[in-house]
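Numbering of the sequence shown is given in our numbering, commencing with residue 1 and proceeding in unit increments.
Even for Gly, the Cβ is constructed at its ideal location relative to N, Cα and C.
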Amino acid sequence: MSAAPLTYSRLDRSGFDAVADQHPDVVIPLEQTPSWVEFEQALGRKPLGIWSYTDAAGRLVATASYVHVVRRFRESVVVVNGPVWFAERTPAAERALMETVRHQFREEPSVDPLYVRMQVATLQAPATGPIEHGWYEREIVVDLTPSEADLLKSFRPNARNSIRRAQRNGVEVKHIPRSEWKDVFATQLFPIMQETAERDGFQSFDSSYYETLLTVLGDHLRLLVAYRDGAPLSWLITTEYRGYSVYYFAGSTHEARSTFAPYLLLWEAFRVLKEAGNTACGLTGIVSENYPGLANVTTFKKNFSKNVVVVPTTYDIPLSPVRYAAVASLLTARRTGPSAARAVLRRASTLRPAVVVGRGSRREPVSTPDT
């Protein structure tokens, strides 16, 4: 189909399902599935489909689901929590995939991206940057295969004691019926998310984002809430796909922390996920060099497992290196001062007068808040 190192083709849902069925041992993130494509569409974003990449012998190398993102000064194509690898992920294989992706989107007439953003295990050309980091690099993954007793025993003493304290404090965990998800989230839980974001220093999505998530991806989600005397203290949303679950979004009040509600809530989630046949639960990001702000959730997550998994870092693949360098300089200048930004903007405009400036998503869809 192309002169690129790999052959690429778009997968419809049946084609994707066939690939997934043929590779039952490959962990496919929910963000790389047709269900997530539907979620992106419901948000008003522009998914560009899920694509497969095969080598000269016709062997499947990887798949990737793309989202088109337009922000001020730049247009990009983003792979959220991907690509998914089905062949050995060697540096040479990654280089071939990146060169293919660069060729693919240079030739794609429907978009004009400055760069393609994806996870890269071995930093090498054509990957660079990124202009801004988009996904965590380390996470805790809890093994759900042991018995409940052994799973509880594997936690740090602090976690086990906190679970018992929450129970003594009268904390009760409820599984919210799916028919009530949207209303309960909007009225009871989003205010807790706002409190959490203000306290921990991150910017949450609008309530409509979470409500759309719950509506569109309901087959893959659970919503659990910890109450005390009828008042919500803490909540979480988990995802599930092919036996792998993720502690995806969560929020807690100040009172929740003093009553240890998040510990009991997560323990109940593990029990339910295990019973449903999930073999592992990812707890999402913990602190790393590029994400020092996750230090405030790292201690909590490490209470439940010592298993730290390294996630490939997100990098940019520029389609026009000169334009990319100019825009990267502009954005750096904007962070350091208005006068510097204006000077860089003037230089950038001489390189490409038609840089796309448009209204896009408030932020690229690659961030996961924690408790």
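Could you please give the first and the last residue of the uninterrupted beta strand (DSSP E) stretch that includes residue i?
{"i": "phenylalanine 260", "result": "Run containing phenylalanine 260: none; DSSP gives neither H nor E here."}
{"i": "serine 252", "result": "244-252"}
{"i": "threonine 313", "result": "313-318"}
{"i": "arginine 222", "result": "221-228"}
{"i": "isoleucine 50", "result": "46-54"}
{"i": "threonine 284", "result": "280-285"}
{"i": "valine 308", "result": "308-310"}
Using 10 angstroms around the beta-carbon of residue i, count the other beta-carbons present and answer buried if the total reaches 16, otherwise exposed.
{"i": "alanine 149", "result": "exposed"}
{"i": "threonine 100", "result": "buried"}
{"i": "alanine 57", "result": "exposed"}
{"i": "glutamate 31", "result": "buried"}
{"i": "serine 14", "result": "exposed"}
{"i": "glycine 44", "result": "exposed"}
{"i": "leucine 273", "result": "buried"}
{"i": "glycine 277", "result": "exposed"}
{"i": "glutamate 275", "result": "exposed"}
{"i": "aspartate 17", "result": "exposed"}
{"i": "glutamine 203", "result": "exposed"}
{"i": "lysine 301", "result": "buried"}
{"i": "glutamine 22", "result": "exposed"}
{"i": "leucine 294", "result": "buried"}
{"i": "proline 177", "result": "exposed"}
{"i": "aspartate 219", "result": "exposed"}
{"i": "proline 321", "result": "exposed"}
{"i": "alanine 348", "result": "Annotation note: pLDDT 44 at alanine 348 (below 50); position unreliable, no value reported."}
{"i": "glutamate 180", "result": "exposed"}
{"i": "serine 9", "result": "exposed"}
{"i": "threonine 253", "result": "buried"}
By the DSSP assignment, the alpha helix (DSSP H) with residue i in it spans what residues?
{"i": "glutamate 94", "result": "91-107"}
{"i": "phenylalanine 73", "result": "First-last for phenylalanine 73: undefined, no H or E at that position."}
{"i": "lysine 302", "result": "295-302"}
{"i": "threonine 212", "result": "207-216"}
{"i": "valine 184", "result": "181-184"}
{"i": "valine 327", "result": "321-336"}
{"i": "alanine 149", "result": "148-154"}
Out of curiosity, what's the CA-to-CA distance linking residue i and residue j?
{"i": "valine 187", "j": "serine 154", "result": "With the sequence shown as reference, residue 187 is identified as threonine, and valine is not the correct amino acid for it. Rounded to the nearest angstrom, the two C-alpha atoms are 36 Å apart."}
{"i": "aspartate 143", "j": "proline 29", "result": "17 Å"}
{"i": "alanine 341", "j": "threonine 314", "result": "Residue placement at alanine 341 is flagged as unreliable, the pLDDT there being 47, under the threshold of 50; a coordinate-derived value is accordingly withheld."}
{"i": "arginine 352", "j": "tyrosine 291", "result": "The predicted model places arginine 352 with a pLDDT of 37, which falls under 50 and marks its position as unreliable; any figure quoted below should be read in that light. Rounded to whole angstroms, arginine 352 to tyrosine 291 spans 33 Å at the Cα level."}
{"i": "arginine 334", "j": "proline 312", "result": "28 Å"}
{"i": "alanine 20", "j": "valine 26", "result": "8 Å"}
{"i": "isoleucine 192", "j": "leucine 152", "result": "28 Å"}
{"i": "arginine 323", "j": "asparagine 169", "result": "58 Å"}
{"i": "tryptophan 267", "j": "leucine 223", "result": "14 Å"}
{"i": "leucine 11", "j": "valine 327", "result": "33 Å"}
{"i": "leucine 330", "j": "threonine 336", "result": "10 Å"}
{"i": "alanine 42", "j": "glutamate 255", "result": "35 Å"}
{"i": "threonine 212", "j": "threonine 299", "result": "31 Å"}
{"i": "histidine 103", "j": "alanine 4", "result": "6 Å"}
{"i": "threonine 350", "j": "serine 110", "result": "Note that threonine 350 scores 42 on pLDDT, short of 50, meaning its location in the model is unreliable and no value can be drawn from it."}
{"i": "leucine 345", "j": "threonine 332", "result": "With a pLDDT of 48 at leucine 345, under the threshold of 50, the predicted position of this residue should be treated as unreliable, and no value is reported."}
{"i": "serine 147", "j": "glutamate 108", "result": "50 Å"}
{"i": "isoleucine 140", "j": "serine 52", "result": "29 Å"}
{"i": "valine 310", "j": "glutamine 119", "result": "12 Å"}
{"i": "alanine 159", "j": "asparagine 303", "result": "6 Å"}
{"i": "glycine 282", "j": "proline 24", "result": "18 Å"}
{"i": "glycine 95", "j": "alanine 125", "result": "In the sequence as displayed, the identity of residue 95 is arginine instead of glycine. Using only the alpha carbons, I get a separation of about 7 Å."}
{"i": "proline 47", "j": "proline 157", "result": "45 Å"}
When DSSP labels each residue in this structure, what does residue i get in the three-state scheme?
{"i": "tryptophan 135", "result": "coil"}
{"i": "isoleucine 237", "result": "strand"}
{"i": "aspartate 21", "result": "helix"}
{"i": "arginine 171", "result": "Reading the sequence as shown, one finds valine at residue 171 and not arginine. Coil, per DSSP."}
{"i": "valine 386", "result": "It is not possible to answer for residue 386, since the shown part of the chain is limited to 1 through 371."}
{"i": "valine 355", "result": "Caution is warranted here: a pLDDT of 29 is assigned to valine 355, below 50, making its placement in the model unreliable, and the coordinate value is therefore given only provisionally. Reduced to three states, the DSSP call for valine 355 is coil."}
{"i": "threonine 7", "result": "strand"}
{"i": "arginine 13", "result": "helix"}
{"i": "isoleucine 140", "result": "strand"}
{"i": "arginine 165", "result": "helix"}
{"i": "threonine 33", "result": "coil"}
{"i": "proline 191", "result": "helix"}
{"i": "alanine 87", "result": "coil"}
{"i": "valine 27", "result": "coil"}
{"i": "arginine 117", "result": "strand"}
{"i": "threonine 122", "result": "coil"}
{"i": "leucine 60", "result": "strand"}
{"i": "alanine 231", "result": "strand"}
Would you call the segment 240-247 and the segment 195-207 in contact, with 3 or more CB pairs under 8 Å? no
Would the segment 69-86 count as touching the segment 103-123 if we require 3 or more Cβ pairs under 8 Å? yes
Quick one: any contact between the segment 164-177 and the segment 258-271, if contact means 3 or more CB pairs under 8 Å? yes
Is the segment 223-237 in contact with the segment 128-136, if contact means three or more CB pairs nearer than 8 Å? no
Do the segment 34-41 and the segment 115-130 meet, that is, are 3 or more Cβ pairs less than 8 Å apart? no
Quick test of the definition: if touching needs 3 or more C-beta pairs under 8 Å, does the segment 57-68 touch the segment 80-95? yes
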